[in-house]
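A.B. asks: Just so we're aligned, residue 1 is where the sequence shown starts under the UniProt record's numbering, counting upward by one.
Note that beta-carbon positions come from the ideal geometry of N, C-alpha and C, so glycine has one too.
This is the structure, below, for whatever I ask next.
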Amino acid sequence: MPEKQKKYEITDICHPKYPWLRRVRALVRINEQVEAGTLGGFVESEANLSQDGGCWIYDQAICCGDAVVEKEAGMFDGTLARDSALITGDACLFDRAAAEGQCCIRSGEIKDRARVAGDAVISESILDGLSPLIAGDSHVYGEVRGRFVVKDLVLPGEKLVNPTADLFILENRERHVLVKTRELKPPKDYPQGRKKKKDLER
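Written as structure tokens, this is what we have:
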């Protein structure tokens with residue numbers, strides 16, 4: 001049985017500050033942004049970036065230690081994943097965001113200087129698939145699931161779950177909600193051509 005075509009190789013291009021890390025290069029077209037020959041970010045070993053799916057490490061991003069980027073996830077800019085962090089699903093890291101410890105980021109965006117660490121879990125809502133945005137100088141150690149904007153501290157053991165389409169905002173120790181406007185709609189069995197009753201004469 002022929003060996004499966006690898007999607008990337010690890011080059012001899014070392015990181016200027018951390019010489020044990022080396023750039024990856026795409027061997028095939030991986031997704032709409034990454035054609036064959038595209039240079040990516042830095043890894044410590046092939047275990048850091050899955051050879052399957054459309055996942056990729058872009059720009060100057062680093063994935064090292066036992067951290068893994070897999071499925072359709074992406075690391076951009078100067079982001080960092082280390083220790084045993086798992087970046088999976090459609091999760092994306094931007095700017096100077098970091099994933100550390102045993103955290104699992106399954107969906108959503110982590111950006112700015114946000115840090116997800118410890119046993120944190122970032123995930124989409126089971127009901128509607130909406131995902132969190134972790135931004136600013138956040139430090140997240142707990143669970144955040146669903147439609148949130150977090151610019152705050154989430155302590156270990158804290159479980160923030162949003163089963164609604166409303167947007168919950170946590171910022172500077174304050175909590176707000178943006179309620180999604182919903183129109184009243186007739187039931188499915190309501191006759192479409194039904195006319196409104198005329199106002200009764202007085």
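Relative to the C-alpha of I30, which residue among E9, L21, W56 and P16 is closest?
C.D. replies: The shortest C-alpha separation from I30 is found at W56.
A.B. asks: Tell me where the beta strand (DSSP E) around A26 begins and ends.
C.D. replies: From DSSP, the beta strand (DSSP E) with A26 extends over R22 to A26.
A.B. asks: Beta-carbon within less than 6 Å of R147's beta-carbon, same chain only, minus the 5 sequence neighbours each way: which residues are those?
C.D. replies: Only L130, N162 and L167 meet the Cβ criterion.
A.B. asks: From R113 to D152, what does the alpha carbon distance come to, in whole angstroms?
C.D. replies: Cα to Cα, the separation comes out at about 11 Å.
A.B. asks: Tell me whether the beta-carbon of V43 lies closer than 8 Å to the beta-carbon of C14.
C.D. replies: Against a cut-off of 8 Å, the Cβ pair of C14 and V43 comes out as no contact.
A.B. asks: Check the C-beta distance from S107 over to A97 and give it rounded, since I have them as a contact under 8 Å.
C.D. replies: About 14 Å; that fails the 8 Å criterion.
A.B. asks: For the beta strand (DSSP E) that F42 lies in, which residues bound it at each end?
C.D. replies: Where F42 is concerned, the enclosing beta strand (DSSP E) stretches over L39 to V43.
A.B. asks: Compare the beta carbon distance of G54 and E72 with 8 Å and say whether it is the shorter of the two.
C.D. replies: Yes; because the gap between Cβ atoms is below 8 Å, this pair is in contact.
A.B. asks: Label P186 either buried or exposed according to how many other C-beta atoms from any shown protein chain fall within 10 Å of its C-beta, with 16 as the threshold for buried.
C.D. replies: Exposed: under 16 other Cβ atoms inside 10 Å.
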